[in-house]
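Working notes, structure below.
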């Protein structure tokens, strides 16, 4: 641990045989150090893709104990490890991890599923260090979650078919104004979910959210950190990380999912997966697939940055790249 006042968040010494962090944080907010977090206090770490969230979570748990709990909607799926940047087998063995890779590719998995499982992890007694880039998970955790009925399979099938035929615009046009103003309309999954709720229940998603239950972990009971890297730094890391993913078997991972590929599944939204599948089907050459996957990752990071900036104003902002 660096000396207090040095401006360094952490500089961990990783023993031989343990994994190194995926990113090194060289400068953070002055006065903030890992050692300042009470050992029993839950920690939340949000940030855009490739910003170094997992490295920070690992450093906190390595120093102060606890369990690293996933808050990424795509890292829950067992069919992807490389493309979703799930912790490696070595990383998962070195420190306690939970809610990674435990959901089948075709299984439904909602914010409600995740929140119930997080409550189960908290009940185990280890201090949770909850890390990821899915903003809705954190909102549900710190603000509470409306008890919305499950979407009937028939409604989901209609939504999937319309998304495939029309894209997002048709469903978006049918949403109520309050819901349209509240959700991320650039995110097709959020639009589809809102349409399904309205169609199945006759009430808009915003109306359901206005009847939200109590928070599991209110902000005043946690240390909440949001990573806010500079755009150029992050984009360079995104491109470099995808190159590393390709070297580590991302194409082979996509090939393993090719026979069972269903583009409307939530698990098929892994960044880079549609592009690599298109290559494997002969629709894109590999260079074009990689370039499009990197672009999709950068666009995703931009949406995340916007969401985090607007919704996480009470969190501790840290810049990992200065």
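Numbering (our numbering), first residue to last: 121 to 442. In this text, a Cβ means the ideal position worked out from N, Cα and C, and glycines have one as well. Just so you know, these numbers come straight off a predicted model, no measurement behind them.
Tell me the residue span of the alpha helix (DSSP H) that contains residue 105. As displayed, the chain neither begins before 121 nor continues past 442, which places residue 105 out of reach and without an answer.
Express the C-alpha separation of residue 344 and residue 155 in angstroms, rounding to a whole number. Taking the first residue of the chain shown as 1, we reach residue 155 at position 35. Taking the first residue of the chain shown as 1, we reach residue 344 at position 224. Looking at the two C-alpha atoms, the distance is approximately 15 Å.
Nearest candidate by alpha-carbon position, reference residue 164, set 373, 406, 432, 307: Translated into the one-based positions of the chain shown, residue 164 becomes position 44. Measuring from the Cα of residue 164, the nearest candidate turns out to be 432.
Out of 189, 182, 184, 159, point me to the one whose CA is closest to residue 166's CA. The residue you call residue 166 lines up with position 46 of the chain shown. It is 189.
Is it buried or exposed for residue 194, if we count other Cβ within 10 angstroms and need 16 for buried? Along the chain shown, read from residue 1 onward, the residue named residue 194 stands at position 74. Per the 10 Å Cβ criterion, buried.
Local conformation of residue 101 per DSSP, three classes: Past the edges of the chain, shown from 121 to 442, lies residue 101, and the structure says nothing about it.
I think residue 395 touches residue 416, with their Cβ atoms under 8 Å apart; what is that distance to the nearest whole Å? Position 275 of the chain shown, counted from the start, is the residue given in the question as residue 395. Position 296 of the chain shown, counted from the start, is the residue given in the question as residue 416. Going by Cβ atoms, the distance from residue 395 to residue 416 rounds to 7 Å, so yes, they are a contact pair.
Report the rounded CA-to-CA distance for residue 208 versus residue 405, giving the unit in angstroms. Within the chain shown, residue 208 is the residue found at index 88, counting from 1. Within the chain shown, residue 405 is the residue found at index 285, counting from 1. So the alpha carbons of these two residues sit roughly 28 Å apart.
Whole-angstrom distance between residue 212 and residue 362, CA atom to CA atom: Within the chain shown, residue 362 is the residue found at index 242, counting from 1. Within the chain shown, residue 212 is the residue found at index 92, counting from 1. Roughly 21 Å between the two C-alpha positions.
Inter-residue Cα distance where the pair is residue 160 and residue 336: For the purposes of this step, residue 160 is identified with residue 40 of the chain shown, where counting begins at 1. For the purposes of this step, residue 336 is identified with residue 216 of the chain shown, where counting begins at 1. About 16 Å.
Is residue 204 helix, strand or coil by DSSP? Position 84 of the chain shown, counted from the first residue, corresponds to residue 204. The answer is coil: DSSP assigns residue 204 none of H, G, I, E or B.
Contact the stretch 320 to 331 vs the stretch 289 to 301: 3+ CB pairs below 8 Å: yes
Considering only the alpha carbon of each residue, which of 252, 340, 185, 288 lies closest to residue 316? By 1-based counting over the chain shown, the position of residue 316 is 196. Comparing Cα-Cα distances from residue 316 to each of 252, 340, 185, 288, the minimum goes to 288.
Taking just the CA atoms, how far does residue 251 sit from residue 258? For the purposes of this step, residue 258 is taken as residue 138 along the chain shown, with counting starting at 1. For the purposes of this step, residue 251 is taken as residue 131 along the chain shown, with counting starting at 1. Computed Cα separation, rounded: 9 Å.
Considering only residues of the same chain and omitting the five flanking positions on each side of residue 389, which have a CB-CB separation below 7 Å? By one-based count along the chain shown, residue 389 stands at place 269. Only 194, 309 meet the Cβ criterion.
Enumerated in chain order, which unbroken segments of the beta strand (DSSP E) with a length of 3 residues or greater are wholly contained in the stretch 156 to 192? 163 to 166, 187 to 190
Starting from residue 347, follow the beta strand (DSSP E) in both directions and report where the run begins and ends. As a first step, residue 347 is located in the chain shown; it is residue number 227 there, counting from the start. Run containing residue 347: 343 to 347, per the beta strand (DSSP E) assignment.
Give every residue of the same chain whose Cβ lies closer than 6 Å to the Cβ of residue 429, excluding the five residues on either side of it in the sequence, and list them in chain order. Here residue 429 is taken as the residue at index 309 of the chain shown, counted from 1. Contacts found: none.
Please report how far the alpha carbon of residue 434 lies from the alpha carbon of residue 262, in whole angstroms. On the chain shown, residue 434 is found 314 positions in, with the first residue counted as 1. On the chain shown, residue 262 is found 142 positions in, with the first residue counted as 1. Using only the alpha carbons, I get a separation of about 11 Å.
Which of the three DSSP states, helix, strand or coil, is assigned to residue 222? The residue given as residue 222 occupies position 102 in the chain shown. It is coil, neither helix nor strand.
In chain order, each beta strand (DSSP E) run of at least 3 residues that lies wholly inside the stretch 386 to 428: none
Closest residue to residue 187 among 387, 322, 227, 241 (Cα-Cα distance): Locating residue 187 in the chain shown gives position 67, where the first residue counts as 1. Residue 187 has its Cα closest to that of 241, out of 387, 322, 227, 241.
Measure the alpha-carbon distance for residue 342 versus residue 180 and round it to whole angstroms. The count along the chain shown starts at 1 and reaches residue 342 at position 222. The count along the chain shown starts at 1 and reaches residue 180 at position 60. One C-alpha to the other measures close to 14 Å.
Under 8 Å between the Cβ atoms of residue 224 and residue 198? As a first step, residue 224 is located in the chain shown; it is residue number 104 there, counting from the start. As a first step, residue 198 is located in the chain shown; it is residue number 78 there, counting from the start. Cβ atoms of residue 224 and residue 198: closer than 8 Å.
Residue 86, buried or exposed, once every other Cβ within 10 Å from all chains shown has been counted against 16: Residue 86 lies beyond the stretch modelled for the chain, which goes from 121 to 442, so this question has no answer here.
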